[in-house]
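K.L.:
For the protein sequence lines, the chains are A and B, in the order given.
So the first sequence is residues 1 to 404, counted in our numbering.
So the second sequence is residues 405 to 808, counted in our numbering.
Protein chains: 2
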Amino acid sequence: MALRKLGKTLLDNLLEGTGVEVGGDRPWDITVNNPRFYRRALRGSLGIGEAYIDGDWDCQALDVMFQRVLGARKWRSPLLRFARALKVLQARLTNLQTRPRSMAVAEEHYNLDHRMYALLLGPWNQYTCCFFDGTSDLEQAEINKLEMICDKLEIGRGERVLDIGCGWGGFAKYAASTRGCEVTGISLSSEQIDYARSYTAGLPVTIRQIDYRDLPQSGLPAFDKIVIVGMIEHVGYKNYRKLMDVVHQMLKPDGLFLLHTIGNRDETAVVDPWIEKYIFRNSMVPAMGQLTRAAEENLVIEDWENYGHYYVPTLQAWYERFNANWSQIQALDTERPFDERFRRMWNYYLLSCKAAFEVEELHLWHLVMTRRGSGRGVYDRVKHYSNRPRDAEAAPLQIRATRR
Amino acid sequence: MALRKLGKTLLDNLLEGTGVEVGGDRPWDITVNNPRFYRRALRGSLGIGEAYIDGDWDCQALDVMFQRVLGARKWRSPLLRFARALKVLQARLTNLQTRPRSMAVAEEHYNLDHRMYALLLGPWNQYTCCFFDGTSDLEQAEINKLEMICDKLEIGRGERVLDIGCGWGGFAKYAASTRGCEVTGISLSSEQIDYARSYTAGLPVTIRQIDYRDLPQSGLPAFDKIVIVGMIEHVGYKNYRKLMDVVHQMLKPDGLFLLHTIGNRDETAVVDPWIEKYIFRNSMVPAMGQLTRAAEENLVIEDWENYGHYYVPTLQAWYERFNANWSQIQALDTERPFDERFRRMWNYYLLSCKAAFEVEELHLWHLVMTRRGSGRGVYDRVKHYSNRPRDAEAAPLQIRATRR
């Protein structure tokens with residue numbers, strides 16, 4: 001009972017001034033279904049999230065609740081920080097993203113049956129922020145993002161493009177079919193590789209299982225363009241310099257490199273402990289300073305944009321598709337059961353992240369870099385917009401992805 | 405004689421592998437006019453520059469020579485670093501940009517007779533990078549830059565704009581006359597203030613002598629837009645956080661802030677010692693990490709562009725005008741004589757800086773920031789280019805500045 005009381009105190013502290021109440025009746029209030037929730041809350045973010053998965057508490061508008069709590073920066077309270085301190089210590093003392101550890105997230109998260117992701121994501125398999133500019137359609141938002149990346153990289157016919165962390169091959173397929181380039185995609189997830197090979201069949205796309213650290217020894221010649229979309233979040237700050245050095249080595253002297261990544265307001269070494277345990281093992285979100293320190297020796301950052309607010313409708317779209325298709329997901333015949341705990345876990349994940357983007361704790365960054373001494377002059381972004389439709393209706397892109 | 409020999413060794417070390425020779429006959433080779441140059445070279449960058457002013461040595465293509473030496477990163481050699489270490493120590497231990505020290509550069513550099521600057525700069529008095537995109541004309545490049553800033557800030561009719569470090573009022577005049585906004589410019593240089601008031605007469609422009617640190621106590625209400633163009637280079641890294649806090653306080657919740665600054669490849673606390681002594685007292689060029697650390701608590705960096713290569717033609721244009729107009733400058737009746745030493749000093753300054761931009765040791769950055777929680781959503785840069793002419797000929801801007 002003493003622990004329960006302490007847990008209540010922690011929760012009171014966490015919710016103070018946020019307008020969120022335990023037992024209130026507004027959509028963002030918290031309903032406690034099982035009093036053990038208070039005890040579990042003592043484990044901070046991890047315990048609160050685990051209790052949610054198990055149904056110990058509920059909230060009708062989880063996203064609004066998170067928006068209020070994260071916006072008040074209560075998640076940084078000393079009690080919650082304590083639980084996190086041990087993990088931070090581990091991150092500082094060891095390398096959380098060694099080769100074997102890098103395989104862990106590939107196996108646990110990205111090896112999930114693709115059919116589940118197909119019922120969550122849009123047809124281009126874009127499991128990163130989609131650009132909802134002038135559209136509310138997920139596929140158009142996927143295309144907007146892919147178009148933007150191809151435009152910024154100035155990809156030309158016949159150019160060789162390296163995609164580090166290629167996922168299910170969405171970018172490779174899009175770039176190869178709309179720009180006539182050759183794409184080499186690398187990934188660690190065998191599930192993703194199998195899928196991507198089939199998904200890009202018939203196109204000049206090669207998908208290989210290579211750790212980015214092995215690229216310089218891979219025998220691959222330097223590329224015209226390199227792209228990293230939603231992969232550096234698994235790299236860990238201790239390896240950023242190595243990654244940038246690999247990019248520098250694999251890029252032609254006058255090439256372009258685009259980095260698409262979630263961005264962190266604060267410099268840290270770890271991710272939220274619940275996200276760490278249930279969603280992305282050994283991941284962390286880079287802060288600006290961590291990226292600049294790693295990049296500046298050999299690369300020049302020419303262009304840096306923040307699209308964080310596009311992640312709000314992106315996560316909302318995934319959340320809606322996930323729940324609309326839930327009975328189909330549940331019925332999938334897979335090794336891992338897609339049960340009620342899985343549903344709650346994903347809803348918690350999608351809506352808490354949505355709130356973090358809403359309150360600008362997280363950003364979504366596009367960085368375009370050149371090699372130092374590239375001789376390219378000013379990176380002229382004006383032309384990257386010259387061919388873009390000003391709004392989706394004016395000149396809609398007619399490309400449609402086809403599911404495998 | 406022993407000192408001379410040591411100086412020769414230092415020079416040999418500095419020039420090794422750069423293709424620059426002492427006594428050679430290519431345009432970038434060095435001709436020694438007075439052997440005391442070797443002794444003076446022992447004082448590193450400062451001594452070498454002072455010897456140049458005094459005519460101890462010459463070089464036909466000073467810019468190419470610097471490009472070769474800076475490109476090889478020889479300026480960072482241990483011998484040269486030693487001379488610099490004392491200054492860095494001073495910067496770390498004290499605040500080089502206190503209020504009295506901030507007045508020094510205003511008095512020495514910016515209080516130089518405006519007639520001299522008029523014979524150097526374009527008609528908009530832009531003493532910062534001009535954007536030579538699609539033009540080789542200095543005035544058009546000034547306009548391109550000013551247009552870009554107004555566009556990025558989305559300045560609307562009747563809006564209130566704060567210009568921190570307003571120089572001779574070029575931006576204030578341009579923005580007020582083309583956008584119909586009200587501009588409040590602040591500066592420390594009494595010469596600049598007098599000039600700017602007259603230059604912007606008849607427009608809704610107010611020029612005041614205020615230290616940026618005093619803005620929150622100035623009684624001025626919050627502004628729609630804030631701009632800082634070429635002023636943070638005088639602020640010093642210890643004061644960046646203060647400056648960002650002042651911007652946060654003086655900006656409306658949904659306002660926009662644009663920072664136009666020279667950018668440094670390396671994090672440092674001082675500027676080159678020769679530049680420090682002869683051109684910009686108590687100045688330093690910010691690195692990315694120094695800016696992000698200062699900004700991120702209260703502001704969100706939405707957009708970051710590098711236009712460093714536009715500084716090459718900008719400095720070249722100033723250099724050409726300076727020398728073409730030299731007899732007029734020399735004939736100016738001023739307290740400070742514009743003599744041969746002054747001419748050599750300015751040529752050395754303009755051409756060494758030009759080379760630093762050429763080899764990407766220095767950048768030119770545009771950062772657009774919002775207040776955290778502004779509710780503005782994605783900063784949509786596409787529209788900032790929608791009205792821009794694609795090249796100067798296609799739709800030249802008809803605005804012309806008039807000299808006082």
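Even for Gly, the Cβ is constructed at its ideal location relative to N, Cα and C.
Using beta carbons (cut-off 7 angstroms, strictly below), is tyrosine 711 (chain B) in contact with chain A?
P.N.:
It does: the Cβ of tyrosine 711 (chain B) has a partner Cβ on chain A nearer than 7 angstroms.
K.L.:
Is valine 69 (chain A) helix, strand or coil by DSSP?
P.N.:
Correct three-state label for valine 69 (chain A): helix.
K.L.:
Which residues bound the alpha helix (DSSP H) around lysine 412 (chain B)?
P.N.:
Lysine 412 (chain B) -> alpha helix (DSSP H) spans 406 to 419.
K.L.:
Residues in the same chain with beta-carbon distance under 7 angstroms from leucine 70 (chain A), minus the five sequence neighbours each way, listed in chain order, please.
P.N.:
The answer, listed in chain order, is Ala355, Ala356, Val359, Glu361.
K.L.:
Taking the C-alpha atoms as reference points, what is the distance between valine 247 (chain A) and aspartate 541 (chain B)?
P.N.:
Distance between the alpha carbons of valine 247 (chain A) and aspartate 541 (chain B) is about 38 angstroms.
K.L.:
At a CB distance below 8 angstroms, what residues from the segment 684 to 705 of chain B approach chain A? Give them in sequence order.
P.N.:
The residues in question are Ala691, Met692, Gly693, Thr696, Arg697, Glu700, Val704, Ile705.
K.L.:
So what's aspartate 137 (chain A) in DSSP terms, helix, strand or just coil?
P.N.:
Coil, per DSSP.
K.L.:
Can you pull the chain A neighbours of tryptophan 708 (chain B), defined as C-beta to C-beta under 8 angstroms?
P.N.:
Ile301, Asp303, Trp304, Glu305, listed in chain order.
K.L.:
What separation, rounded to the nearest whole angstrom, lies between the Cα atoms of glutamate 302 (chain A) and glutamine 694 (chain B)?
P.N.:
Taking the straight line joining both Cα atoms gives about 17 angstroms.
K.L.:
Could you pull the start and end residues of the alpha helix (DSSP H) that proline 717 (chain B) belongs to?
P.N.:
First-last of the alpha helix (DSSP H) with proline 717 (chain B): 715 to 728.
K.L.:
Would you report the Cα separation of arginine 293 (chain A) and arginine 241 (chain A), rounded to the nearest angstrom?
P.N.:
So the alpha carbons of these two residues sit roughly 8 angstroms apart.
K.L.:
Expressed to the nearest angstrom, what Euclidean distance is found between the alpha-carbon atoms of aspartate 462 (chain B) and leucine 768 (chain B)?
P.N.:
Their backbone Cα atoms lie some 29 angstroms apart in a straight line.
K.L.:
Taking the alpha helix (DSSP H) that lysine 354 (chain A) falls in, what are its first and last residues?
P.N.:
Start and end: 340 to 358.
K.L.:
Do you know whose CA, among A:Gly230, A:Leu11, A:Leu188, lies nearest arginine 213 (chain A)'s CA?
P.N.:
The shortest C-alpha separation from arginine 213 (chain A) is found at A:Leu188.
K.L.:
Verify the CB distance criterion: does tryptophan 365 (chain A) have a CB-CB separation below 7 angstroms to chain B?
P.N.:
It does not: the Cβ of tryptophan 365 (chain A) has no partner Cβ on chain B nearer than 7 angstroms.
K.L.:
For tryptophan 304 (chain A) and isoleucine 262 (chain A), what's the separation of their Cα atoms in angstroms?
P.N.:
Their Cα atoms are separated by approximately 12 angstroms.
K.L.:
If you scan the segment 137 to 205 of chain A from start to end, which runs of the alpha helix (DSSP H) of 4 or more residues do you find wholly inside it?
P.N.:
As far as the segment 137 to 205 of chain A is concerned, its whole alpha helix (DSSP H) runs of at least 4 residues are 138 to 152, 170 to 179, 190 to 199.
K.L.:
By Cβ distance, which residues of its chain are closer than 7 angstroms to glutamate 267 (chain A), with the 5 residues on each side in sequence left out?
P.N.:
Result list for glutamate 267 (chain A): Ala287, Gly289, Gln290, in chain order.
K.L.:
Run through DSSP, which three-state label would asparagine 710 (chain B) get?
P.N.:
Three-state result, asparagine 710 (chain B): strand.
K.L.:
Listed in chain order, which residues of the segment 14 to 43 of chain A have Cβ atoms closer than 7 angstroms to some Cβ of chain B?
P.N.:
Within the segment 14 to 43 of chain A, no residue qualifies.
K.L.:
Quick one: give me the first and last residue of the alpha helix (DSSP H) that isoleucine 275 (chain A) is part of.
P.N.:
Counting along the chain, the alpha helix (DSSP H) containing isoleucine 275 (chain A) begins and ends at 273 to 278.
K.L.:
Output the residue ranges of the beta strand (DSSP E) runs that lie fully inside the segment 606 to 646 of chain B and measure 3 residues or longer, sorted by chain position.
P.N.:
The qualifying runs are 609 to 613, 627 to 633.
K.L.:
Determine, for arginine 372 (chain A), whether the minimum Cβ-Cβ distance to residues of chain B falls below 7 angstroms.
P.N.:
Arginine 372 (chain A) counts as touching chain B.
K.L.:
When the Cα atoms are used, what is the spatial distance from isoleucine 630 (chain B) to arginine 564 (chain B)?
P.N.:
Going from the Cα of isoleucine 630 (chain B) to the Cα of arginine 564 (chain B) covers about 9 angstroms.
K.L.:
Could you give the DSSP three-state label for leucine 450 (chain B): helix, strand or coil?
P.N.:
Of the three classes helix, strand and coil, the one that applies to leucine 450 (chain B) here is helix, per DSSP.
K.L.:
The segment 305 to 329 of chain A: which residues have C-beta closer than 8 angstroms to a C-beta of chain B, in chain order?
P.N.:
Hits within the stretch, in order: Glu305, Asn306, Tyr307, Gly308, His309, Tyr310.
K.L.:
Does the Cβ-Cβ distance between tryptophan 274 (chain A) and glycine 49 (chain A) come in under 7 angstroms?
P.N.:
Yes, the Cβ-Cβ distance between tryptophan 274 (chain A) and glycine 49 (chain A) is below 7 angstroms.
K.L.:
Using a Cβ cut-off of 8 angstroms, pull out every chain B residue sitting near glutamate 360 (chain A), in sequence order please.
P.N.:
Per Cβ cutoff of 8 angstroms: Val704, Arg776, Gly777.
K.L.:
Which same chain residues, not among the five before or five after histidine 518 (chain B), have their C-beta less than 7 angstroms away from its C-beta?
P.N.:
Only Trp572, Glu595, Tyr599 meet the Cβ criterion.
K.L.:
Note down the Cα distance separating glutamine 720 (chain B) from leucine 624 (chain B), rounded to an integer number of angstroms.
P.N.:
Their Cα atoms are separated by approximately 39 angstroms.
K.L.:
List, in order along the chain, the chain A residues whose C-beta lies closer than 7 angstroms to that of arginine 669 (chain B)?
P.N.:
Here the neighbours are Glu296.
K.L.:
Along the alpha helix (DSSP H) that carries phenylalanine 441 (chain B), what are the first and last residues, could you check?
P.N.:
Counting along the chain, the alpha helix (DSSP H) containing phenylalanine 441 (chain B) begins and ends at 440 to 445.
K.L.:
Cα separation between arginine 409 (chain B) and valine 378 (chain A)?
P.N.:
Residue 409 (chain B) is actually lysine in this sequence, not arginine. Rounded to the nearest angstrom, the two C-alpha atoms are 43 angstroms apart.
K.L.:
CB-CB under 6 angstroms to threonine 610 (chain B), same chain, minus the five flanking residues each way: which ones, in chain order?
P.N.:
Within the same chain, threonine 610 (chain B) has close Cβ partners Thr588.
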